[in-house]
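*Asks:* One structure coming up, written as structure tokens, with questions to follow.
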Amino acid sequence: MRRLFLCVILIGWCSLLRAQYEGMEYYQEEDPAVKAKLEQWQDLKFGFFVHWGPYSQKGYCESWTICSEDVDWIQRDTTISYDEYYRNYVGLKKTFNPVKFNPEYWADLAKEAGMKYFVFTTKHHDGFCMWDTKETDYKITSSECPYHTAPNPDILKELFGAFQKRDFMIGAYFSKPDWNSPYYWSDRWQHGDRNVNYKIKNHPWMWEKFCDFTYNQIKELMIGYGEVDIIWLDGGWVAPENRDQDIKMDRIVEMARGYQPGLIVVDRWIGGKYENYRTPEQKIPEKPWDYPWETCMTMANQWSYLPGDKYKSTRELVHYLVDIVSKGGNFLLNVGVDGNGEIPPEGIKIMKEMGVWMKVNGEAIYETRPIAPYKEAKICYTKHKNNGKVYAIYLNDENEVNPPSQIMLYSISPARGAKISLLGYKGNLSYKRVGNGVLVTLPPSFVKNPACEHAWTLCISGMNEKE
Numbered sequence: 001m002r003r004l005f006l007c008v009i010l011i012g013w014c015s016l017l018r019a020q021y022e023g024m025e026y027y028q029e030e031d032p033a034v035k036a037k038l039e040q041w042q043d044l045k046f047g048f049f050v051h052w053g054p055y056s057q058k059g060y061c062e063s064w065t066i067c068s069e070d071v072d073w074i075q076r077d078t079t080i081s082y083d084e085y086y087r088n089y090v091g092l093k094k095t096f097n098p099v100k101f102n103p104e105y106w107a108d109l110a111k112e113a114g115m116k117y118f119v120f121t122t123k124h125h126d127g128f129c130m131w132d133t134k135e136t137d138y139k140i141t142s143s144e145c146p147y148h149t150a151p152n153p154d155i156l157k158e159l160f161g162a163f164q165k166r167d168f169m170i171g172a173y174f175s176k177p178d179w180n181s182p183y184y185w186s187d188r189w190q191h192g193d194r195n196v197n198y199k200i201k202n203h204p205w206m207w208e209k210f211c212d213f214t215y216n217q218i219k220e221l222m223i224g225y226g227e228v229d230i231i232w233l234d235g236g237w238v239a240p241e242n243r244d245q246d247i248k249m250d251r252i253v254e255m256a257r258g259y260q261p262g263l264i265v266v267d268r269w270i271g272g273k274y275e276n277y278r279t280p281e282q283k284i285p286e287k288p289w290d291y292p293w294e295t296c297m298t299m300a301n302q303w304s305y306l307p308g309d310k311y312k313s314t315r316e317l318v319h320y321l322v323d324i325v326s327k328g329g330n331f332l333l334n335v336g337v338d339g340n341g342e343i344p345p346e347g348i349k350i351m352k353e354m355g356v357w358m359k360v361n362g363e364a365i366y367e368t369r370p371i372a373p374y375k376e377a378k379i380c381y382t383k384h385k386n387n388g389k390v391y392a393i394y395l396n397d398e399n400e401v402n403p404p405s406q407i408m409l410y411s412i413s414p415a416r417g418a419k420i421s422l423l424g425y426k427g428n429l430s431y432k433r434v435g436n437g438v439l440v441t442l443p444p445s446f447v448k449n450p451a452c453e454h455a456w457t458l459c460i461s462g463m464n465e466k467e
């Protein structure tokens with residue numbers, strides 16, 4: 001159980017950065033194409049995130065078990081040496097054969113859930129590539145990987161193609177560190193911590209090799225997989241300020257946007273001009289941020305697949321979605337896929353149930369922007385960016401199966417003659433002004449048989465201009 005809990009924390013180093021995030025200056029993008037794509041991305045609100053790789057066969061905490069740091073949440077077999085463990089881990093390539101992988105089903109399920117964009121781990125820190133890279137043989141299409149004999153072994157091509165057909169915005173998660181590359185973790189020295197294991201100033205040619213390797217891999221992702229909208233770069237310790245780990249982001253981004261105009265770049269935890277939006281992890285800000293942001297969160301405790309992992313309830317995740325959107329953010333919800341290539345039944349159930357809620361309440365989520373007071377008591381507010389409609393989303397208590405007969409909106413002032421409706425119910429509702437707010441009466445038929453569970457939405461058409 002301790003392992004389940006600890007694996008949700010990425011690294012203590014990132015915890016420090018989280019504490020600094022709100023005070024870190026945000027760089028306002030100037031490229032019109034990037035600004036337009038960011039605006040489009042902010043309209044989508046709800047995304048699908050998948051962690052998947054050879055580690056999924058064993059239920060490891062992604063690739064972190066091969067990082068030889070002495071921290072509680074990195075759990076590995078201590079009955080064997082680290083070197084033997086590392087060799088065994090790399091050898092998982094030879095048994096990775098996800099014959100039940102069905103990209104069309106993944107995409108259909110995500111669409112049913114109401115998700116609008118997709119981010120996939122093309123390569124985690126272990127360096128295993130889920131596409132047919134030409135830069136290394138540590139990949140899904142390697143002759144040593146049994147899946148290479150599948151009719152379409154390039155996992156990434158199949159996945160991106162399936163989601164592109166369904167009009168999803170596409171994001172490529174890419175790890176900046178690569179623990180399989182001899183130019184990041186050289187065999188000349190012991191693997192130390194998560195960082196490069198040699199002094200770059202003493203071996204500049206090795207770092208140049210690694211920079212070229214990274215550049216070439218990102219180029220492959222930009223030219224061989226259709227339209228890519230987001231490059232989601234993880235491993236924020238790879239930065240010039242930390243052991244001179246400068247991978248020449250200017251060069252990479254210039255190339256990438258040359259092939260993919262308007263590409264959103266998310267160089268996580270770094271700040272500056274290549275972090276087009278911020279990515280708080282497993283966390284929702286207490287207040288709205290005045291720049292684009294996205295909470296990435298797991299359905300279960302662990303990012304990658306773990307048998308018996310504990311999943312959050314659909315109610316909890318719906319409430320997180322509403323809270324995030326009311327503060328102007330996007331919600332990137334992750335599931336860990338198993339070694340056979342299947343989404344676990346618990347994940348499927350959650351996605352289907354969230355889809356039921358989104359079918360009723362989606363207009364209060366998509367293309368909305370935050371509006372004060374954002375959240376009060378059990379109610380979150382959103383506002384459509386074009387038509388000005390305001391939505392008040394009532395979040396139920398854990399055992400509250402039916403909505404209340406009346407809902408008080410304390411801080412909303414509808415214009416004279418404004419109409420208030422209820423998503424999932426045809427017809428306008430009666431209301432009366434009480435102080436600076438309004439008391440709305442819900443129809444008894446809806447109270448008895450609500451159109452959905454977990455949260456119910458009032459729509460106010462016509463607000464005073466101050467709103």
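Numbering (UniProt numbering) for the sequence shown: 1 to 467. A virtual CB, placed ideally from N, CA and C, is assigned to each residue, including glycine.
#1: Under 6 angstroms Cβ to Cβ from histidine 124, same chain only, skipping five residues before and after it: list those, please.
#2: Taking the Cβ atom as the reference point for each residue, do residue 521 and cysteine 145 lie within a distance shorter than 7 angstroms?
#3: Express the C-alpha separation of histidine 319 and tyrosine 60 in angstroms, rounding to a whole number.
#4: Using alpha carbons as the reference points, say which of Asp108, Asn102, Phe101, Cys67 lies closest to tyrosine 89.
#5: Looking only at its chain, what residues have a beta carbon closer than 7 angstroms to the beta carbon of proline 307, apart from the 5 residues adjacent to it on each side?
#6: Kindly indicate which residue of Lys209, Arg369, Leu159 has the alpha-carbon position closest to the one of phenylalanine 101.
#7: To the nearest whole angstrom, what separates the beta carbons of isoleucine 407 and valine 440, a pair I think is in contact under 8 angstroms?
#8: Since lysine 201 and methionine 255 should fall inside the 8 angstroms C-beta cutoff, what is the C-beta to C-beta distance between them, to a whole number of angstroms?
#9: Out of curiosity, what's the CA-to-CA distance linking methionine 24 and lysine 287?
#10: Taking the alpha-carbon of phenylalanine 168 as reference, which of Pro240, Phe120, Arg416 has the nearest alpha-carbon?
#11: Tell me, to the nearest whole angstrom, how far the beta carbon of lysine 327 is from that of tyrosine 374; I am working on the premise that it is less than 8 angstroms.
#12: Apart from the five residues on each side of it in sequence, which residues of its chain come closer than 8 angstroms, Cβ to Cβ, to lysine 352?
#13: When the Cα atoms are used, what is the spatial distance from asparagine 449 to asparagine 152?
#14: What residue from Asn197, Asn340, Val335 has the CA that sits closest to tyrosine 311's CA?
#15: Using DSSP bridges, identify the partner residues of threonine 65.
#16: Out of Met358, Thr136, Asn97, Thr78, which one is the CA nearest neighbour of threonine 149?
#17: Mind checking which residues open and close the alpha helix (DSSP H) that includes lysine 165?
#18: For aspartate 178, which option in Ile155, Asp212, Tyr147, Ser304 has the closest C-alpha, if you only look at C-alpha atoms?
#19: Whose C-beta lies closer than 7 angstroms to the C-beta of valine 253 among residues of the same chain, with five residues either side of it excluded?
#20: Sort Gly341, Asn402, Thr382 by Cα distance to aspartate 323 and report the nearest one.
#21: Please determine, among Val71, Gln75, Gly236, Gly226, the residue with the shortest C-alpha to C-alpha distance to threonine 65.
#22: On the criterion of 16 or more Cβ atoms from any shown chain inside 10 Å, does isoleucine 80 qualify as buried, or is it exposed?
#23: Is any beta-carbon of chain D found at less than 7 angstroms from that of glycine 53?
#24: Contact check, lysine 45 vs asparagine 330 under 8 angstroms by CB: the rounded distance?
#25: At what residues does the alpha helix (DSSP H) containing proline 32 begin and finish?
#26: Name the residue from Asp246, Met463, Gln190, Ala239 whose alpha carbon lies nearest to the alpha carbon of lysine 389.
#27: Rank Met115, Glu69, Tyr105, Gln217 by C-alpha distance to the C-alpha of threonine 136 and give the top, closest one.
#28: Pick out whichever of Gln40, Asp246, Ile223, Asp267 has its Cα sitting closest to the Cα of tyrosine 259.
#29: Could you give the distance in angstroms between the alpha-carbon of leucine 16 and the alpha-carbon of glycine 362?
#30: Which runs of the beta strand (DSSP E) at least 3 residues long sit entirely within the region 212-265? Give them in chain order.
#31: So, for glycine 339: in the same chain, excluding its five sequence neighbours on each side, which residues have a beta-carbon less than 6 angstroms away from its beta-carbon?
#32: Can you tell me which residues form a DSSP beta bridge with phenylalanine 120?
#33: Give me, in chain order, the residues of the same chain whose beta-carbon lies closer than 6 angstroms to that of alanine 107; leave out the 5 immediate sequence neighbours on both sides.
#34: Could you tell me the alpha carbon to alpha carbon distance between glutamine 40 and glycine 262, rounded to whole angstroms?
#35: Between the C-alpha atoms of cysteine 227 and tyrosine 117, what's the straight-line distance to the nearest angstrom?
#36: Residue ranges of each alpha helix (DSSP H) run of no fewer than 4 residues wholly in the region 294-339, ordered along the chain?
*Replies:* The answer reads as follows:
#1: Once the five neighbours on either side are set aside, the close Cβ partners of histidine 124 are Gly53, Glu62, Ser63, Ser175.
#2: Residue 521 cannot be examined here, being either before or after the span of the chain that is shown, 1 to 467.
#3: 29 angstroms
#4: Cys67
#5: Gly59
#6: Minimum Cα distance to phenylalanine 101 is reached at Leu159.
#7: 5 angstroms
#8: The beta-carbon distance between lysine 201 and methionine 255, rounded to whole angstroms, is 26 angstroms. This is too long to meet the 8 angstroms contact definition.
#9: In a straight line, the C-alpha of methionine 24 is about 15 angstroms away from that of lysine 287.
#10: Restricting attention to Pro240, Phe120, Arg416, the CA atom closest to the CA of phenylalanine 168 is found in Phe120.
#11: Between lysine 327 and tyrosine 374, the beta carbon gap of about 6 angstroms places them in contact (Cβ cut-off 8 angstroms).
#12: Leu109, Glu112, Ala113
#13: 47 angstroms
#14: Val335
#15: For threonine 65, which the question treats as bridged, DSSP gives no partner whatsoever.
#16: Asn97
#17: Segment 155-165, the alpha helix (DSSP H) holding lysine 165.
#18: Asp212
#19: Val265, Tyr274
#20: Thr382
#21: Gln75
#22: exposed
#23: No chain D appears in this structure, which consists of one protein chain only.
#24: 5 angstroms
#25: 32-44
#26: Met463
#27: With distances taken between Cα atoms, threonine 136 lies closest to Gln217.
#28: When each option's Cα is compared against that of tyrosine 259, the closest is Ile223.
#29: Only weak support exists for where leucine 16 lies, its pLDDT of 41 falling under 50; the coordinates are left without a value.
#30: 230-234
#31: Ser56, Gln57
#32: Val50, Ala172
#33: These residues qualify, in order along the chain: Ala162, Phe163, Arg166.
#34: 11 angstroms
#35: Here residue 227 is glutamate; the residue named in the question, cysteine, does not match the sequence. Take the alpha-carbon of glutamate 227 and the one of tyrosine 117: they are about 13 angstroms apart.
#36: Within the region 294-339, the complete alpha helix (DSSP H) runs of at least 4 residues fall at 314-326.
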